[in-house]
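Novice:
Protein chains: 2
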Amino acid sequence: MSRKIFVSAKEVADRAGVSRSAVSRTFTPGASVSEETRRRVIEAAEELGYHVNHLARGLMRNESGIVCLIVSELDTPYRASLIRALTGQLQGASKIAMLINTDRSDDSVDQALRQAISYRADASIILSGMPDKSITDLCLKSGQRLVLINRDEDRDGALMINLHDREAARRGFIAMLRAGCRNFAFANSEAMTPSLIAREEAFRAAGRDHGIDVTVERFGSTTYQSGVVLAQRLLTRENRPDAIFCVNDLLACGLMDAARHQFNLAIPSELCVVGFDDIEQASWSSYNLTTFAQPVEQIAAEAVTWLDQVTPAETNSRRLDAELVWRGSVRGG
Amino acid sequence: MSRKIFVSAKEVADRAGVSRSAVSRTFTPGASVSEETRRRVIEAAEELGYHVNHLARGLMRNESGIVCLIVSELDTPYRASLIRALTGQLQGASKIAMLINTDRSDDSVDQALRQAISYRADASIILSGMPDKSITDLCLKSGQRLVLINRDEDRDGALMINLHDREAARRGFIAMLRAGCRNFAFANSEAMTPSLIAREEAFRAAGRDHGIDVTVERFGSTTYQSGVVLAQRLLTRENRPDAIFCVNDLLACGLMDAARHQFNLAIPSELCVVGFDDIEQASWSSYNLTTFAQPVEQIAAEAVTWLDQVTPAETNSRRLDAELVWRGSVRGG
DNA sequence: CCCAGTTTTGCAAGCGAGTGCAACAGCAGG
DNA sequence: CCTGCTGTTGCACTCGCTTGCAAAACTGGG
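Residue numbers (the working numbering), protein chains in the order written: chain E, 3 to 335; chain V, 3 to 335.
1. Which whole-angstrom value is the C-beta distance of V/I281 and V/P79, which I expect to be below 8 Å?
2. Please state the DSSP three-state secondary structure of V/C141.
3. So, are the CB atoms of V/G145 and E/I269 less than 8 Å apart?
4. Got a sec? Which residues, its chain only, sit under 6 Å from V/F221 by beta carbon, not counting five neighbours each side?
5. As a quick exercise: from E/M132, E/I137, E/D158, E/L142, pick the residue whose alpha carbon is nearest that of E/I151.
6. Classify E/G342 as helix, strand or coil using the three-state DSSP reduction.
7. For a test of the three-state rule: what should DSSP assign to E/E272, helix, strand or coil?
8. Suppose you measure from the CA of E/P243 to the CA of V/S74; what does that come to, to the nearest Å?
9. Given this structure, state the Cα-to-Cα distance separating V/L140 from V/A118, to the nearest angstrom.
10. Report the partner residues of V/S319 according to the DSSP bridge assignment.
11. Taking DSSP as the reference, what is the three-state secondary structure of E/D105?
12. Are the C-beta of E/L101 and some C-beta of chain V separated by less than 8 Å?
13. Suppose you measure from the CA of E/S130 to the CA of E/I72; what does that come to, to the nearest Å?
14. With three or more C-beta pairs closer than 8 Å as the rule, is the stretch 310 to 329 of chain V touching the stretch 191 to 205 of chain V?
15. Closest by CA to V/A254, which one among V/L76, V/G334, V/W286, V/A18?
16. Using the beta-carbon count (16 or more within 10 Å), is E/N266 buried or exposed?
17. Return the residue from the list V/A24, V/E13, V/D77 that minimises the CA-CA distance to E/V298.
18. Shorter than 8 Å from the beta carbon of V/V54 to some beta carbon of chain E?
19. Below 8 Å on C-beta distance, what does E/K143 contact in chain V?
20. Give the straight-line distance between the Cα atoms of V/M3 and E/E37, rounded to the nearest whole angstrom.
21. Note down the Cα distance separating V/R333 from E/N103, rounded to an integer number of angstroms.
22. Would E/M2 and E/C274 be called neighbours here (beta carbons separated by less than 8 Å)?
23. With a threshold of 8 Å on Cβ separation, who are the neighbours of E/H166 within its own chain once the five nearest residues in sequence on each side are excluded?
24. Checking contacts by CB at 8 Å: is V/Q300 closer than that to chain E?
25. Locate the alpha helix (DSSP H) running through E/I88, then write down its first and last residues.
26. Applying a beta-carbon distance threshold of less than 7 Å, which residues of chain E neighbour V/A58?
27. The beta strand (DSSP E) that contains E/C70, what's its start and end?
28. Which parts of the stretch 212 to 284 of chain V are runs of the alpha helix (DSSP H), unbroken and 4 residues or longer, counting only runs that do not cross its ends?
29. Do the stretch 85 to 101 of chain E and the stretch 157 to 175 of chain E meet, that is, are 3 or more Cβ pairs less than 8 Å apart?
30. Is DSSP giving V/F8 helix, strand or coil here?
31. Show which residues of chain E have a CB atom less than 8 Å away from the CB atom of V/T28.
32. Is DSSP giving V/L50 helix, strand or coil here?
33. Out of E/S107, E/T224, E/S120, E/I127, which one is the CA nearest neighbour of E/A87?
34. So V/I72 contacts chain E; which residues on that side make the cut at Cβ distance below 9 Å?
35. Using a Cβ-Cβ cut-off of 6 Å (strictly less than) and excluding sequence neighbours within five positions of V/T39, which residues of its own chain qualify?
36. Check the Cβ of E/G90 against every Cβ in chain V and list those closer than 7 Å, keeping chain order.
Written out as structure tokens, the structure is:
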């Protein structure tokens, strides 16, 4: 099977005619090595194709440089772009991302965290699902840091990054109100994630504030197909909505497609739509969707800089703005 | 900073009143431990929240269980779905994926492979870019396995997974020919990946075989925006194409949107379009794109089973079928 | 040339696990 | 009770690296 073929520090030391420690120090920033030995070590290392064994290093330093990203349905546009931002910025901070896919079963977020512990990840970033309290406690007790993105619930000792969902929903309402809409609806999935709930609630509240009743419909998971179904449910009502806030862009795309192709509605003249996430497709001219942008790079930056802090992980919470991106799915603007 | 707080086998051993080896053996399948001690160890481990340190285990076993996925622009729909499939199946084979993002510089595929070596990854799977020969040699010499997906070029000792690009292109041509198209065009990017070139060449060849001249236009990278530009270039020609094979779906979406919204063309009556990849958006009713499907799950399966083989990595090549998915962007069908 | 002060270096003790080997216990048969 | 066998256990070594500590090698001033 796999024989030990990786070249070790010992071999480099022998070749360079120095001690093992010298090699180690050469690759440890800030260690005391003379220019001369460093040169010889580097040279020998180059020739042999030596690379420090990060596994062993992690063992000694008690710091692996590994950060686990725990995520399901990672091919969803928003998730994928967040992963891209995170991996990019983690590498910038010389850490490396381990990707754990929790598509399978339901307890698999817990499973994933166990994996993270087994690989002695310095931290885990949870993008979907919500782990058991007992597991997160174990993580924190083990000295592993935890970042929850758009999960909202409280977890002591973790960093929680969320958006101003409520304000976004309210702004969306007002935008469509100004566009002259009268019948408001909110298209949601049944996922009932805290942030999705917040958007729905705030949108209803905005309606109440203006003495307007908001129709809410929920269906399935937060996908394009659900958007199609929601369109069928909402657009066949007797007083058809002329303003729909979709809980995210994927849903909005499905809803818009159904509205146009099945109900022959013109957007935005007969129906205004607002989405959330600002996925790439929202900017495609078939959709041209007015939406709230997830500040993915900023989210990633917050996470990574927090992880880089040396102070012991304290409970921490960040709430970022979701910027409104005006496009053509709402009149005016 | 981070104190050693992870619980170790020693502590479990003490608590269970056995030797450290007993603990080790309990978590090593096939080792000789009595039912009684195993029970006590498991119990103690549970109470203490012990998890085998995979770093240390990897050190001893000389097998880390880590597989690196090397990829750029991972938020592209096709890439994202491939990553999803790969992570899922790797986990099924009890391996774990490390994600290396090569968006930054150009030599960063090499950088990525160095990382992979540093973490003693058992294998690397390259989804984008092409590493230097010297680096891949180093990988192979170090006993690391290598999988190249849609990279085509020859690399001794690696597994190369490709599709029947040429046949797909030819089939696409014939499909549009049967639909009654006369003016054929091929919309490509300037990425010039082997598989993209193969599609283009085969499409031209199909044209030649039928005595039909094929217009080829190339622009930028393989994105939606390039599709828009390509539409502008192709659809303003004096004898406007009525059949366009797009080198991938993303490009096709951009091209279709531009054709419809800027040139007011009806698809498929005035223009037939064929894509490649079968990304999710291809099935959205705004596009309803006839395309060739990347068999992502099958690709992932091939890769993972090959990695699981115990025989020393031999050069190996798989060529899979890209199934034609008939939708509405080509007449007939 | 000597000595105190500053680098630089090597030794050796870890880190947390796996595993060959020998000692050991338990058991059945003689 | 002794012998031989099987199955379990613990010791000690190993993996590749980091790092405290003390010895060795410089440095410059007197």
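We treat Cβ as the ideally placed atom computed from N, Cα and C, and that holds for glycine.
Treat the numbers as computed from the prediction; the structure is a model and nothing was measured.
Specialist: So, to answer that:
1. Position 279 of the second sequence, counting from 1, holds the residue named residue 281 of chain V. Position 77 of the second sequence, counting from 1, holds the residue named residue 79 of chain V. About 4 Å separates the beta carbons of V/I281 and V/P79, which is inside the 8 Å limit, making them a contact pair.
2. Counting from 1 along the second sequence, the entry for residue 141 of chain V is found at position 139. Correct three-state label for V/C141: helix.
3. Working through the second sequence from its first residue, we reach residue 145 of chain V at position 143. Working through the first sequence from its first residue, we reach residue 269 of chain E at position 267. The Cβ atoms of V/G145 and E/I269 lie no closer than 8 Å to each other.
4. Residue 221 of chain V sits at position 219 when you count from the first residue of the second sequence. Annotation for V/F221: S228, V231, L232 place their beta carbon closer than 6 Å to its own, counting only its chain and skipping 5 residues before and after.
5. Taking the first sequence and counting its residues from 1, the one referred to as residue 151 of chain E is at position 149. In terms of CA proximity to E/I151, E/M132 leads the group E/M132, E/I137, E/D158, E/L142.
6. Shown here, chain E extends from 3 to 335; a query on residue 342 of chain E therefore has no answer.
7. One-based indexing of the first sequence puts residue 272 of chain E at position 270. Here E/E272 carries a coil assignment [DSSP, helix/strand/coil].
8. Indexing the first sequence from 1 puts residue 243 of chain E at position 241. Indexing the second sequence from 1 puts residue 74 of chain V at position 72. Here the C-alpha atom of E/P243 lies approximately 42 Å from the C-alpha atom of V/S74.
9. The residue labelled residue 140 of chain V in the question sits at position 138 within the second sequence. The residue labelled residue 118 of chain V in the question sits at position 116 within the second sequence. Spanning the two alpha carbons is a distance of roughly 11 Å.
10. The residue labelled residue 319 of chain V in the question sits at position 317 within the second sequence. Note: V/S319 sits in a beta bridge opposite V/M162.
11. Looking up residue 105 of chain E in the first sequence gives position 103. The answer is coil: DSSP assigns E/D105 none of H, G, I, E or B.
12. As a first step, residue 101 of chain E must be located in the first sequence, where it is residue number 99. Proximity of E/L101 to chain V, defined by a Cβ-Cβ separation below 8 Å, is satisfied.
13. Along the first sequence, read from residue 1 onward, the residue named residue 130 of chain E stands at position 128. Along the first sequence, read from residue 1 onward, the residue named residue 72 of chain E stands at position 70. Rounded to whole angstroms, E/S130 and E/I72 show a C-alpha spacing of 7 Å.
14. The stretch 191 to 205 of chain V is not in contact with the stretch 310 to 329 of chain V.
15. The residue you call residue 254 of chain V lines up with position 252 of the second sequence. Of the candidates V/L76, V/G334, V/W286, V/A18, the one whose C-alpha sits nearest the C-alpha of V/A254 is V/W286.
16. Taking the first residue of the first sequence as position 1, residue 266 of chain E is located at position 264. It counts as exposed.
17. Position 296 of the first sequence, counting from 1, holds the residue named residue 298 of chain E. Answer by Cα proximity: V/D77.
18. Translated into positions along the second sequence, residue 54 of chain V becomes position 52. For V/V54, the closest Cβ of chain E is nearer than 8 Å.
19. Stepping through the first sequence from its first residue, residue 143 of chain E is reached at position 141. Simply I7, G51.
20. Along the second sequence, one-based indexing puts residue 3 of chain V at 1. Along the first sequence, one-based indexing puts residue 37 of chain E at 35. Confidence is the limiting factor: at V/M3 the pLDDT is only 43, short of 50, which leaves the residue's position unreliable and the question unanswerable from this model.
21. Position 331 of the second sequence, counted from the start, is the residue given in the question as residue 333 of chain V. Position 101 of the first sequence, counted from the start, is the residue given in the question as residue 103 of chain E. Cα to Cα, V/R333 sits roughly 40 Å from E/N103.
22. Given a span of 3 to 335 for chain E in the structure shown, any question on residue 2 of chain E remains unanswerable.
23. Position 164 of the first sequence holds residue 166 of chain E. The residues are R321, L322, D323, A324.
24. Along the second sequence, read from residue 1 onward, the residue named residue 300 of chain V stands at position 298. So no, V/Q300 is outside the interface.
25. Here residue 88 of chain E refers to the residue found at position 86 when the first sequence is read from its first residue. The residue asked about is misnamed: residue 88 of chain E is Leu in this sequence, not Ile. Where E/L88 is concerned, the enclosing alpha helix (DSSP H) starts and stops at 79 to 94.
26. Position 56 of the second sequence, counting from 1, holds the residue named residue 58 of chain V. Within 7 Å Cβ-Cβ: L61.
27. On the first sequence, position 68 is the one that residue 70 of chain E refers to. Unbroken beta strand (DSSP E) run through E/C70: 68 to 73.
28. Listed in chain order, the complete alpha helix (DSSP H) runs (minimum 4 residues) inside the stretch 212 to 284 of chain V are 226 to 237, 251 to 263.
29. Result no; under three Cβ-Cβ pairs closer than 8 Å.
30. For the purposes of this step, residue 8 of chain V is taken as residue 6 along the second sequence, with counting starting at 1. DSSP, reduced to helix, strand and coil, places V/F8 outside both helices and strands of the structure shown, so it counts as coil.
31. Taking the first residue of the second sequence as 1, we reach residue 28 of chain V at position 26. Those within 8 Å of V/T28 in chain E number zero; the least Cβ separation is about 15 Å.
32. Counted from its first residue, the second sequence places residue 50 of chain V at position 48. Judged by DSSP in its simplified three-state form, V/L50 adopts helix.
33. In the first sequence, residue 87 of chain E corresponds to position 85, counting from 1. Distances from the alpha-carbon of E/A87 to those of E/S107, E/T224, E/S120, E/I127 put E/I127 closest.
34. Mapped onto the second sequence, residue 72 of chain V falls at position 70. The premise fails here: V/I72 is roughly 11 Å from chain E at the closest Cβ pair, so nothing lies under 9 Å.
35. Numbered from 1 along the second sequence, position 37 holds the residue referred to as residue 39 of chain V. V20, A24.
36. For the purposes of this step, residue 90 of chain E is taken as the residue at position 88 of the first sequence. Within 7 Å Cβ-Cβ: N103, D105.
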